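Have a look at the structure below before the remarks.
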Amino acid sequence: MSAGSARRPGGSGNSDELTEDQIGEFREAFSLFDKDGDGAITNKELAVVMRALGQQPTPDELKEMIKEVDQDGSGSIEFDEFLEMMKKQMRNADSEDELRRAFRLFDADGDGFLSPAELRQVMLNLGERLTKEEVDAMIEEADTDRDGQVSYEEFARIMGYGDDGEAEGENFS
């Protein structure tokens with residue numbers, strides 16, 4: 357693996373592969389919370405591990421991660437399962453960062469909202485010539501609080517990131 361494709365916990369990158377350093381860091385964190393040294397951590401221990409590594413999963417997200425990762429149905433997470441889960445969590449964080457960057461780029465005046473004029477300009481930059489009515493229809497679809505503009509939360513929701521706990525409650529001003 358080239359140095360340019362290496363990923364750091366909580367960082368960004370393009371590879372699904374972990375570096376030896378990352379695996380070592382994850383193993384160290386994993387063993388800190390594997391109190392009895394049996395090679396597995398419980399649901400509660402998993403929450404502590406994730407927070408220690410800079411992740412903030414909700415209880416529902418933890419349950420879903422465990423369900424998706426616990427291949428042997430033991431109700432606990434073995435190290436191999438833990439590594440797979442951390443890879444997925446890192447990919448999700450990278451996607452969220454990309455969405456935030458896109459929103460900031462589109463929000464030309466930096467007020468934390470996309471106005472009809474900003475949305476029209478974005479679409480022009482993408483090669484789409486939209487009428488005022490078409491832009492208004494796009495705003496109407498995304499604008500769930502009906503204030504005439506699109507907040508980051510609304511943008512995230514329409515882009516498929518709604519109600520994930522990460523995108524909620526944030527405007528960029």
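Be aware that the sequence shown starts at 357, since it is given in the working numbering, and climbs by one per residue.
Glycine included, every Cβ here is placed at the ideal spot set by N, Cα and C.
Note that the coordinates shown come from a computational prediction; the quantities given were computed from them, not determined experimentally.
Cβ contact annotation for I397 (same chain, cutoff 8 Å, sequence separation greater than five): F386, F389, D390, V405, S432, I433 and F438, in chain order.
The alpha-carbon separation between L455 and D392 amounts to approximately 41 Å. Remark: C-beta atoms of F459 and V478 do not approach each other more closely than 7 Å. Contact check for S430 against F469 fails: the beta carbons are separated by 7 Å or more.
Separation of E496 and F382 (C-alpha to C-alpha, rounded to the nearest whole angstrom) is 45 Å. When DSSP states are grouped into helix, strand and coil, A464 belongs to the coil group. The beta-carbon distance between M446 and M421, rounded to whole angstroms, is 12 Å. This is too long to meet the 8 Å contact definition. Listed as beta-bridge partners of A396 by DSSP are E434. Judged by their CB atoms, L418 and A408 are not nearer to each other than the 7 Å cut-off.
Counting of Cβ neighbours within 10 angstroms places Q505 among the buried residues, the total reaching 16 or more. Short of 8 Å from the beta carbon of L475, and not among the five residues preceding or following it, lie these beta carbons of its own chain, in chain order: F462, V491, M494, I495 and V506. In this structure, the alpha-carbon of G410 lies about 35 Å from that of L482. In this structure, N399 is the residue among N399, E489 and L486 with its C-alpha nearest to the C-alpha of K423.
Secondary structure in the region 465 to 507: the alpha helix (DSSP H) runs of 4 residues or longer, each lying completely within the stretch, are 472 to 481 and 488 to 498 in chain order. A distance of 7 Å or more separates the beta carbons of E489 and T500. Cβ neighbours of A464 within its own chain (closer than 8 Å, five residues either side excluded): E474 and Q477.
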